[in-house]
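To start, the structure itself, in structure tokens.
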Amino acid sequence: MRENLFFASGVDIVVLFICSWLLFRHGKISIYHPATTYLVFHVFVFSARILFLTTGANFFLGGQIDYFTEIEAHEIIKASLLADVGFISMTIAWLWEANRRVSIVIRKSVILLDENILKLVLFITIPIGIWGVFSQLYIPGFGKAQINFGAWSESSYLQNTQNWLILSCLVIVFKYGFQKYSLTIIGICLFILAFQGQHRYRVLSPCLFLLFLYLHRENKKWLSPRFVIITLIGILVFLPMKYVGKLIQQGASTEDLVEFASEYRESLKIGANADFSFLDMYASTLTLIDQHGEYYYGSTYFTLLFSPIPRQFWENKPSLVQWMTDISTPSRNLKELGSVATIYGESYANFGILGIIFIPFLFAKYSARWYYKILNTNAQSANLFLYLCFAAMVIQVYRDGLNAVFIFLTIYNMPGFFVYFFSILKQKRA
Numbered sequence: 387m388r389e390n391l392f393f394a395s396g397v398d399i400v401v402l403f404i405c406s407w408l409l410f411r412h413g414k415i416s417i418y419h420p421a422t423t424y425l426v427f428h429v430f431v432f433s434a435r436i437l438f439l440t441t442g443a444n445f446f447l448g449g450q451i452d453y454f455t456e457i458e459a460h461e462i463i464k465a466s467l468l469a470d471v472g473f474i475s476m477t478i479a480w481l482w483e484a485n486r487r488v489s490i491v492i493r494k495s496v497i498l499l500d501e502n503i504l505k506l507v508l509f510i511t512i513p514i515g516i517w518g519v520f521s522q523l524y525i526p527g528f529g530k531a532q533i534n535f536g537a538w539s540e541s542s543y544l545q546n547t548q549n550w551l552i553l554s555c556l557v558i559v560f561k562y563g564f565q566k567y568s569l570t571i572i573g574i575c576l577f578i579l580a581f582q583g584q585h586r587y588r589v590l591s592p593c594l595f596l597l598f599l600y601l602h603r604e605n606k607k608w609l610s611p612r613f614v615i616i617t618l619i620g621i622l623v624f625l626p627m628k629y630v631g632k633l634i635q636q637g638a639s640t641e642d643l644v645e646f647a648s649e650y651r652e653s654l655k656i657g658a659n660a661d662f663s664f665l666d667m668y669a670s671t672l673t674l675i676d677q678h679g680e681y682y683y684g685s686t687y688f689t690l691l692f693s694p695i696p697r698q699f700w701e702n703k704p705s706l707v708q709w710m711t712d713i714s715t716p717s718r719n720l721k722e723l724g725s726v727a728t729i730y731g732e733s734y735a736n737f738g739i740l741g742i743i744f745i746p747f748l749f750a751k752y753s754a755r756w757y758y759k760i761l762n763t764n765a766q767s768a769n770l771f772l773y774l775c776f777a778a779m780v781i782q783v784y785r786d787g788l789n790a791v792f793i794f795l796t797i798y799n800m801p802g803f804f805v806y807f808f809s810i811l812k813q814k815r816a
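With our numbering applied, the sequence shown corresponds to residues 387 to 816, in that order.
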């Protein structure tokens with residue numbers, strides 16, 4: 387069956403080429419259009435991975451752990467082809483929105499981020515954010531505070547305060563521009579967050595937000611060659627960041643880090659690197675859904691209703707990916723693995739192949755419509771602010787599914803969302 391991987395890889399390359407050409411030629415996209423992020427995601431997760439498999443790379447964790455049996459070629463082929471179907475569906479939606487926007491006339495008044503609301507919210511979130519950094523995070527050169535939070539140590543409410551300082555500073559940059567003092571604080575926060583050994587999005591999302599904001603303010607659609615080089619270097623640093631952070635916290639020497647770099651490269655060859663195996667995880671998810679024998683018909687999104695309830699008050703509260711736990715088996719334990727379903731796996735779990743066609747289509751359609759609404763809006767627009775927050779985290783939607791929209795725009799981004807929400811509320815009541 388491995389030779390059939392060549393067929394799937396060939397189909398993917400053709401789909402990637404045609405869809406990319408159509409989007410760049412007719413999609414009116416820019417670097418902060420949702421399609422651009424998806425193109426990067428698709429190349430990294432699907433195209434590159436299946437190409438590596440055709441050249442002899444091992445399937446993910448084949449026989450290396452007892453709770454995840456080796457993926458088979460036919461699973462990869464099915465997953466890749468369905469991802470291409472979803473890609474085509476989203477491309478159609480993006481092109482549709484690009485060619486209808488000329489007839490859209492926005493007559494509503496623009497709501498701006500309210501300065502008084504901003505000051506009030508940040509007066510609360512900045513001190514809490516400073517406390518969150520020094521009470522919970524590892525500080526290079528100083529270590530980590532030994533504070534026992536008991537049952538609340540795993541609470542997202544507590545953990546998210548670690549991000550409040552940098553997120554508050556992002557709101558300040560949006561409102562008042564790229565001032566040295568706020569950028570300095572952001573730089574210090576990014577430096578600290580880079581050493582935590584987990585949650586790389588906490589470094590990625592602020593960087594993307596600042597990049598997109600800068601380009602929007604400068605009325606630029608694409609990166610300059612200098613920024614392209616910086617971005618490529620950033621990607622090389624970003625990928626192993628989680629593992630390097632853990633090693634440094636454990637007191638690793640320079641020799642240990644050099645040895646890790648060699649092991650990281652070797653893990654790519656033997657199929658043990660999770661960063662380059664999202665396709666394998668997604669393929670396994672499709673197989674388990676088929677074995678489960680029934681679809682969820684949208685109920686995977688219902689867990690969002692329970693997410694505000696602290697688990698300390700409801701020990702058996704369903705997780706946001708409870709469906710992945712439900713379909714797992716002893717030989718394919720997605721929860722134990724920490725598996726990634728992608729937007730396609732989640733869509734397939736709800737409505738099968740029809741889900742892969744229509745759910746990504748609708749997401750692409752309305753996210754693109756949002757993009758076109760902010761192109762020529764006021765630089766202080768509340769809608770623009772929230773869109774840039776969305777654009778900075780949309781890769782998490784492609785990676786984890788639609789639940790990520792709510793999680794990353796509201797729960798993770800509490801300081802920014804509070805400023806946005808109360809600014810809207812104040813204007814509506816005026």
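Ideal Cβ placement from N, Cα and C applies to all residues, glycine included.
For residue i: DSSP bridge partner residues
i, result
"residue 498", "767"
"residue 442", "Its beta-bridge partners do not exist; DSSP assigns none."
"residue 530", "524"
"residue 422", "Bridge partners of residue 422: none, in fact."
"residue 715", "718"
Short Cβ contact (9 angstroms threshold) for residue i with residue j
i, j, result
"residue 607", "residue 601", "yes"
"residue 702", "residue 496", "no"
"residue 462", "residue 391", "yes"
"residue 664", "residue 426", "no"
"residue 732", "residue 772", "no"
"residue 903", "residue 554", "This structure gives no information on residue 903, because the portion of the chain shown stretches from 387 to 816."
"residue 421", "residue 754", "yes"
"residue 550", "residue 572", "no"
"residue 713", "residue 675", "yes"
"residue 707", "residue 786", "yes"
"residue 735", "residue 806", "no"
"residue 698", "residue 521", "no"
"residue 667", "residue 446", "yes"
"residue 632", "residue 583", "yes"
"residue 813", "residue 398", "no"
"residue 593", "residue 563", "no"
"residue 348", "residue 752", "This structure does not reach residue 348, given that the chain is present from 387 up to 816, and the question cannot be answered."
"residue 475", "residue 394", "no"
"residue 778", "residue 590", "yes"
"residue 429", "residue 468", "no"
"residue 660", "residue 627", "no"
Assigned secondary structure, residue i (DSSP; H/G/I helix, E/B strand, else coil)
i, result
"residue 615", "helix"
"residue 730", "helix"
"residue 725", "coil"
"residue 596", "helix"
"residue 454", "strand"
"residue 697", "coil"
"residue 411", "helix"
"residue 519", "helix"
"residue 635", "helix"
"residue 762", "coil"
"residue 801", "helix"
"residue 746", "helix"
"residue 482", "helix"
"residue 608", "coil"
"residue 587", "helix"
"residue 510", "helix"
"residue 464", "helix"
"residue 774", "helix"
"residue 490", "Its pLDDT being 49, under 50, residue 490 is placed unreliably in this model, and the coordinates cannot settle the point."
"residue 475", "helix"
"residue 703", "coil"
"residue 582", "coil"
"residue 683", "coil"
"residue 416", "coil"
"residue 625", "coil"
"residue 427", "helix"
"residue 403", "helix"
Residue i, enclosing alpha helix (DSSP H) - first and last residue
i, result
"residue 796", "Per DSSP, residue 796 belongs to no alpha helix (DSSP H) and is neither H nor E."
"residue 544", "542 to 545"
"residue 787", "Looking at the DSSP string, residue 787 is not in any alpha helix (DSSP H), and its letter there is neither H nor E."
"residue 674", "664 to 678"
"residue 557", "550 to 562"
"residue 574", "566 to 579"
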